[in-house]
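Protein chains in written order, with our numbering: chain A, 182 to 291; chain B, 199 to 312.
Structure (structure tokens):
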């Protein structure tokens, strides 16, 4: 079983619509959680950290459910520029190593 | 954007030749990492460094070595390149002393071993 699992997609989203997807993690001792965005053939870029109470950054909302061991990302009012692969990333309790999910591909279409 | 550069950005090499990739940062971050990214596998950690001359292995370290003689530079060496090492290599940095564990990535090196 992979430590961090994501639905690879693609999620085909009409422009202006809302899309949400989850990521599950296996290590209950995981401490920190992040969403990264990766455009085709580019480096991953930090989109947002995920806090226990949930957090919002503009059109993006992240939630953490420790009991069920998943995090979610919701994108409202999708833009064409939101088309990308979204990587779920988890930091375990020991050390400073991150574990990456395989990514969820989102395609926003006019 | 974090000040991270990687060189070369693209390289084609032959099986059996040594290859060195360089990561350079201007952020004075203590931690540096090398990852490879392949279809179907996502990002996998090769080696990381937690200070000058302090390095440790990641999950896919076989066939790779690293060195860090200065805070700003982290080198990844493929001693004898194989076709299975064809990949995109990303360097990343972090400064966890502030309690933040997020990493920032360089632009990547696309390596092809023929």
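Just so you know, even glycine gets a beta-carbon here, dropped at the ideal spot from N, CA and C. Everything numeric in this text was worked out from a predicted model, so none of it was measured.
May I ask which residues mark the beginning and end of the beta strand (DSSP E) holding residue 193 (chain A)?
192-195
With distances taken between CB atoms, is the gap from residue 306 (chain B) to residue 224 (chain A) smaller than 8 Å?
yes
Consult DSSP for residue 235 (chain B) and reduce its assignment to one of helix, strand or coil.
strand
Extent of the continuous beta strand (DSSP E) run through residue 283 (chain A)
Segment: none, residue 283 (chain A) is in no beta strand (DSSP E) and carries neither H nor E.
Using a cut-off of 8 Å between C-beta atoms, extract the partners of residue 191 (chain A) located in chain B.
Result: empty, since nearest Cβ-Cβ is about 14 Å, beyond 8 Å.
Go through its chain and collect everything with a Cβ distance to residue 197 (chain A)'s Cβ below 8 Å, but skip five positions before and after it.
258 and 259
Can you pull the chain B residues whose beta carbon is under 7 Å from the beta carbon of residue 230 (chain A), in chain order?
300
Let me check one thing: in DSSP terms, what residues is residue 226 (chain A) bridge-paired to?
A:218
Return the chain-ordered list of same chain residues with a C-beta closer than 7 Å to the C-beta of residue 206 (chain B), the five sequence neighbours on each side being excluded.
307
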